[in-house]
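When we follow our numbering, the leftmost residue of the sequence shown carries the number 80, and every step to the right adds one. C-beta: ideal position from N, C-alpha, C; glycine also.
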Amino acid sequence: MSLGLLILLTAVYFIRPSEWVPGLMGTSLYLWIMVAAMIVSAEKLVRSLSPESLRAYPVSACVAGLWVVTLVSELLNAGAWDAATGFGKASVFYFLMVGVVDSRTKLALFLQSFAGVLFFVALLIILNYHGVVATNMGYALAQTEDSTVGVSAVRVAAVGGATFDPNDTAALVVLGILTSLHYTTLARPRPLRAVWLAAAVPMVYVLQLTDSRGGFLALMTGLGVYVVARWGRKGVVAGLVLLPLVAAYVASERMAGIGSALRDDTGQNRIQFWCDGLLLFKRHFLLGTGPGGFVAHVGKAAHNTFVQAFAELGAAGGTLFLGAFAYGLWANYRLVRPSNPEAEEEEGEDEDRPERADPTVALVLSLLSAYAVGILALNHLFATNTLLVLGLATVVTALNDSRNTLPGVTLLARACVLSAVFVVATHVTARLLVRW
80 MSLGLLILLT
90 AVYFIRPSEW
100 VPGLMGTSLY
110 LWIMVAAMIV
120 SAEKLVRSLS
130 PESLRAYPVS
140 ACVAGLWVVT
150 LVSELLNAGA
160 WDAATGFGKA
170 SVFYFLMVGV
180 VDSRTKLALF
190 LQSFAGVLFF
200 VALLIILNYH
210 GVVATNMGYA
220 LAQTEDSTVG
230 VSAVRVAAVG
240 GATFDPNDTA
250 ALVVLGILTS
260 LHYTTLARPR
270 PLRAVWLAAA
280 VPMVYVLQLT
290 DSRGGFLALM
300 TGLGVYVVAR
310 WGRKGVVAGL
320 VLLPLVAAYV
330 ASERMAGIGS
340 ALRDDTGQNR
350 IQFWCDGLLL
360 FKRHFLLGTG
370 PGGFVAHVGK
380 AAHNTFVQAF
390 AELGAAGGTL
400 FLGAFAYGLW
410 ANYRLVRPSN
420 PEAEEEEGED
430 EDRPERADPT
440 VALVLSLLSA
450 YAVGILALNH
460 LFATNTLLVL
470 GLATVVTALN
480 DSRNTLPGVT
490 LLARACVLSA
500 VFVVATHVTA
510 RLLVRW
């Protein structure tokens with residue numbers, strides 16, 4: 080029952096029936112399901128929040144710390160508590176997920192259900208796009224003048240509420256595409272593989288409708304990481320052959336214009352926002368401007384979640400947010416890298432050699448990598464989908480008994496160094512590319 084409620088909670092979050100389904104509009108459906116899940120899974124929730132769990136899984140410690148920093152920053156900056164409340168609910172989702180998904184069978188069922196939810200969302204977008212059904216929730220179209228293409232372009236605008244734009248939509252469907260393709264290679268009996276491949280098709284179509292460069296880069300990153308993480312050197316060869324073909328099929332003219340994006344108005348505006356974010360970080364170093372402070376000071380969103388973290392939550396929040404992704408990537412990378420590279424090289428031509436690791440580890444590593452690339456152009460600091468992806472990283476490390484053994488002080492020191500490198504690298508890159 081715990082897993083069923085978690086899956087239902089996930090479905091309600093992404094499909095948002097209370098925003099467009101008659102009879103449910105205006106209800107607090109998501110909140111009530113969350114309360115029910117907390118009651119049913121209380122013991123598991125408490126265990127995932129225990130000091131032992133936070134020490135063993137640093138991503139969990141970062142998430143808990145982020146909520147505290149969000150609360151304090153909002154308090155000091157006289158915020159309206161909206162971000163602290165919203166991120167609090169997202170954090171509850173994370174710890175429910177870490178506590179409930181405690182077996183490989185449950186993880187597989189959750190991943191498959193997650194892909195199914197995103198498949199359904201993609202269908203709604205397509206049906207709305209072609210005028211078959213109409214919803215009230217923002218499965219809408221945005222008419223935009225695209226200087227890259229030179230013509231008026233229609234881009235699918237929203238899933239998950241009216242605040243979503245095409246790039247937000249793309250970041251989500253990429254996760255569904257990667258998960259569907261993963262099960263295309265694994266499903267039993269074999270005819271189910273065709274079903275999973277077919278499920279990926281509408282999500283690829285929606286990605287094309289979004290015309291999102293960030294979504295395209297995220298997909299290419301995720302696919303590249305997946306084939307290498309799962310098949311090693313053979314994956315490198317497969318990636319070099321297949322990824323250009325996938326890119327040629329998926330990419331629109333706008334998606335392929337990555338270089339021109341840095342020169343046009345949209346790309347330049349975002350780089351300028353990054354510069355503004357770093358300036359806010361310098362002025363509000365420790366705890367930032369508070370949630371929502373970037374828009375209040377600059378008038379626009381940061382369009383880079385990591386820059387947003389440093390600007391709005393300061394060094395404390397930015398370090399925790401960046402550290403959560405860094406440790407999640409590192410912990411999962413350790414699970415897929417060969418323990419004996421020389422042995423792998425010697426056995427490299429053995430066709431019967433088993434895969435390097437649990438294929439699900441490769442999937443989660445690819446999801447985390449793709450999402451990290453996607454949010455470089457988005458504002459998903461307080462989003463539940465961000466913590467869902469981080470939660471998958473923690474679940475996989477827990478199921479593979481990969482507990483952290485480093486002292487907390489060591490991890491914190493490394494996170495601080497990484498944050499300093501990130502800020503300097505972002506500053507240098509932005510200054511080199513920006514045109515005022």
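Item, Value
"If residue 403 and residue 138 are in contact, beta carbons under 8 Å, what's the gap, nearest whole angstrom?", "5 Å"
"Residue 505 by DSSP, collapsed to three states: which one?", "helix"
"Cβ of residue 250 within 7 Å of Cβ of residue 453?", "yes"
"Count the CB pairs spanning the region 266-273 and the region 302-314 that are closer than 8 Å, and state whether there are at least three.", "no"
"Locate the alpha helix (DSSP H) running through residue 40, then write down its first and last residues.", "Because residue 40 is not part of the residues shown, which for the chain are 80 to 515, the question remains open."
"Once DSSP output is grouped into helix, strand and coil, what is the label at residue 168?", "helix"
"What does the Cβ neighbour count give for residue 382, buried or exposed, with the cut at 16 atoms within 10 Å?", "buried"
"With a threshold of 8 Å on Cβ separation, who are the neighbours of residue 155 within its own chain once the five nearest residues in sequence on each side are excluded?", "366, 369"
"So what's residue 128 in DSSP terms, helix, strand or just coil?", "coil"
"Just to confirm the assignment, what range does the alpha helix (DSSP H) spanning residue 439 have?", "438-453"
"Distance, Cα to Cα, residue 505 vs residue 318?", "28 Å"
"Helix, strand or coil for residue 101 per DSSP?", "coil"
"Where does residue 348 fall in DSSP's three states?", "helix"
"Which of the three DSSP states is assigned to residue 464 in this structure?", "helix"
"Determine, using beta carbons only, whether residue 63 and residue 261 come nearer to each other than 7 Å.", "The structure shown does not extend to residue 63, since the chain is modelled only from 80 through 515, so no value can be given for it."
"Just to confirm, is the Cβ distance from residue 255 to residue 194 under 7 Å?", "yes"
"Looking at C-beta atoms only, is the number of pairs between the region 194-208 and the region 130-149 that lie closer than 8 Å three or more?", "no"
"Cβ atoms of residue 291 and residue 278: under 7 Å apart, would you say?", "no"
"Taking the beta carbon of residue 468 as the centre, do at least 16 other beta carbons fall within 10 Å, making it buried, or is it exposed?", "buried"
"Look up residue 498 in the DSSP assignment and say whether it is helix, strand or coil.", "helix"
"Under 7 Å between the Cβ atoms of residue 103 and residue 97?", "yes"
"Determine the DSSP secondary structure at residue 457, reduced to helix, strand or coil.", "coil"
"Quick check: residue 387 and residue 514, are their CB atoms within less than 7 Å of each other?", "no"
"Which whole-angstrom value describes the C-beta separation of residue 179 and residue 120, a residue pair presumed to lie in contact below a C-beta threshold of 8 Å?", "5 Å"
"Is residue 380 helix, strand or coil when you go by DSSP?", "coil"
"By the DSSP assignment, the alpha helix (DSSP H) with residue 261 in it spans what residues?", "245-263"
"When you compare the CB positions of residue 315 and residue 307, do they come within less than 7 Å of one another, or not?", "yes"
"Cα-Cα, which of 257, 334, 286 is closest to residue 301?", "257"
"Among 384, 276, 493, which has the Cα closest to the Cα of residue 406?", "493"
"Could you give the distance in angstroms between the alpha-carbon of residue 166 and the alpha-carbon of residue 461?", "5 Å"
"Between residue 364 and residue 394, is the Cβ-Cβ spacing less than 7 Å?", "yes"
"Could you check the C-alpha separation between residue 481 and residue 275 for me, to the nearest Å?", "30 Å"
"What number of angstroms, rounded off, separates the C-alpha of residue 488 from the C-alpha of residue 125?", "24 Å"
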